[in-house]
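For reference, the structure is listed below as C-alpha coordinates.
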Amino acid sequence: MPDIEVTATPRGFAVFGDEVVTDYGHKVRIQQSSSAMKDACWMFIDKEEGVPGELPACDVAVHMTVDQATAIRDRLTAWIESVPAPE
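Take the numbering used here: the final residue in the sequence shown is number 88, and no numbers are missing along the way.
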(Lines of atoms letter the chains of each structure in order from A and count residues from 1; the text may use other names and numbers.)
(Lines give C-alpha, C1' and ligand atoms only; values in the text may rest on other atoms or scores of the structure.)
Protein backbone atom coordinates (compact mmCIF):
# COMPACT_ATOMS: atom_id res chain seq x y z
CA MET A 1 0.00 0.00 0.00
CA PRO A 2 1.36 3.45 -0.87
CA ASP A 3 2.24 5.92 1.84
CA ILE A 4 -0.54 8.48 2.25
CA GLU A 5 0.39 11.81 3.82
CA VAL A 6 -1.88 12.68 6.72
CA THR A 7 -2.45 16.37 7.35
CA ALA A 8 -4.97 18.14 9.58
CA THR A 9 -7.86 20.55 9.20
CA PRO A 10 -7.75 23.82 11.16
CA ARG A 11 -9.84 22.03 13.82
CA GLY A 12 -7.30 19.19 14.04
CA PHE A 13 -9.13 16.42 12.16
CA ALA A 14 -6.98 14.16 9.98
CA VAL A 15 -7.11 14.50 6.19
CA PHE A 16 -5.81 11.45 4.35
CA GLY A 17 -3.79 12.39 1.28
CA ASP A 18 -4.61 14.88 -1.44
CA GLU A 19 -7.97 14.93 -3.17
CA VAL A 20 -8.33 12.59 -6.14
CA VAL A 21 -9.79 14.12 -9.31
CA THR A 22 -11.81 11.62 -11.36
CA ASP A 23 -12.44 11.36 -15.13
CA TYR A 24 -15.66 13.38 -14.77
CA GLY A 25 -14.13 16.11 -12.64
CA HIS A 26 -15.24 14.93 -9.21
CA LYS A 27 -12.86 15.71 -6.37
CA VAL A 28 -12.82 12.95 -3.75
CA ARG A 29 -11.21 13.36 -0.33
CA ILE A 30 -11.25 11.46 2.94
CA GLN A 31 -11.35 13.17 6.34
CA GLN A 32 -11.63 11.99 9.92
CA SER A 33 -15.07 12.52 11.44
CA SER A 34 -15.63 14.61 14.54
CA SER A 35 -18.01 11.96 15.89
CA ALA A 36 -17.42 11.34 19.57
CA MET A 37 -19.66 8.25 19.53
CA LYS A 38 -17.61 6.07 17.14
CA ASP A 39 -14.61 6.03 14.85
CA ALA A 40 -15.79 7.26 11.47
CA CYS A 41 -14.70 9.21 8.42
CA TRP A 42 -16.20 11.44 5.78
CA MET A 43 -15.77 10.83 2.06
CA PHE A 44 -16.45 14.14 0.31
CA ILE A 45 -17.27 14.13 -3.40
CA ASP A 46 -17.35 17.57 -5.00
CA LYS A 47 -17.96 18.62 -8.60
CA GLU A 48 -17.56 22.18 -9.71
CA GLU A 49 -19.52 24.03 -12.40
CA GLY A 50 -17.93 23.97 -15.83
CA VAL A 51 -16.18 20.63 -15.37
CA PRO A 52 -16.83 18.37 -18.37
CA GLY A 53 -19.05 15.37 -17.82
CA GLU A 54 -22.66 14.31 -18.04
CA LEU A 55 -23.40 14.57 -14.32
CA PRO A 56 -24.63 17.82 -12.78
CA ALA A 57 -22.45 19.85 -10.45
CA CYS A 58 -23.03 18.57 -6.94
CA ASP A 59 -21.47 18.07 -3.54
CA VAL A 60 -22.01 14.87 -1.60
CA ALA A 61 -20.58 13.78 1.74
CA VAL A 62 -20.77 10.18 2.92
CA HIS A 63 -20.26 9.44 6.63
CA MET A 64 -18.90 5.91 7.26
CA THR A 65 -17.97 3.73 10.20
CA VAL A 66 -14.86 1.57 10.02
CA ASP A 67 -17.00 -1.45 9.03
CA GLN A 68 -18.74 0.49 6.26
CA ALA A 69 -15.48 1.94 4.94
CA THR A 70 -13.96 -1.55 5.00
CA ALA A 71 -16.89 -2.91 2.98
CA ILE A 72 -16.41 -0.19 0.35
CA ARG A 73 -12.65 -0.78 0.28
CA ASP A 74 -13.22 -4.52 -0.22
CA ARG A 75 -15.55 -3.87 -3.16
CA LEU A 76 -13.06 -1.49 -4.75
CA THR A 77 -10.28 -4.04 -4.24
CA ALA A 78 -12.41 -6.74 -5.90
CA TRP A 79 -12.97 -4.46 -8.90
CA ILE A 80 -9.28 -3.44 -9.08
CA GLU A 81 -8.20 -7.08 -9.02
CA SER A 82 -10.67 -7.92 -11.82
CA VAL A 83 -9.14 -5.39 -14.23
CA PRO A 84 -6.51 -6.93 -16.53
CA ALA A 85 -2.98 -5.70 -15.88
CA PRO A 86 -1.63 -3.38 -18.59
CA GLU A 87 0.85 -5.00 -20.95
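Positions of the beta carbon are idealized from the N, C-alpha and C atoms, including for glycine.
What separation, rounded to the nearest whole angstrom, lies between the Cα atoms of residue i and residue j?
| i | j | result |
| --- | --- | --- |
| residue 66 | residue 13 | 19 Å |
| residue 79 | residue 11 | 35 Å |
| residue 82 | residue 36 | 33 Å |
| residue 61 | residue 88 | 36 Å |
Would you mind sorting residue i into buried or exposed? The rule is 16 or more other CB atoms within 10 Å of its CB.
| i | result |
| --- | --- |
| residue 59 | exposed |
| residue 27 | buried |
Beta-carbon within less than 7 Å of residue i's beta-carbon, same chain only, minus the 5 sequence neighbours each way: which residues are those?
| i | result |
| --- | --- |
| residue 70 | 42 |
| residue 39 | 66 |
With DSSP as the reference, identify every bridge partner of residue i, one or two as the case may be.
| i | result |
| --- | --- |
| residue 60 | 47 |
Among residues of its own chain, excluding the 5 on either side of residue i, which ones have a beta-carbon nearer than 8 Å to its beta-carbon?
| i | result |
| --- | --- |
| residue 21 | 28, 29 and 30 |
Can you give me the Cβ contacts of residue i inside the same chain, cut-off strictly under 6 Å, excluding the 5 residues immediately before and after it?
| i | result |
| --- | --- |
| residue 8 | 16 |
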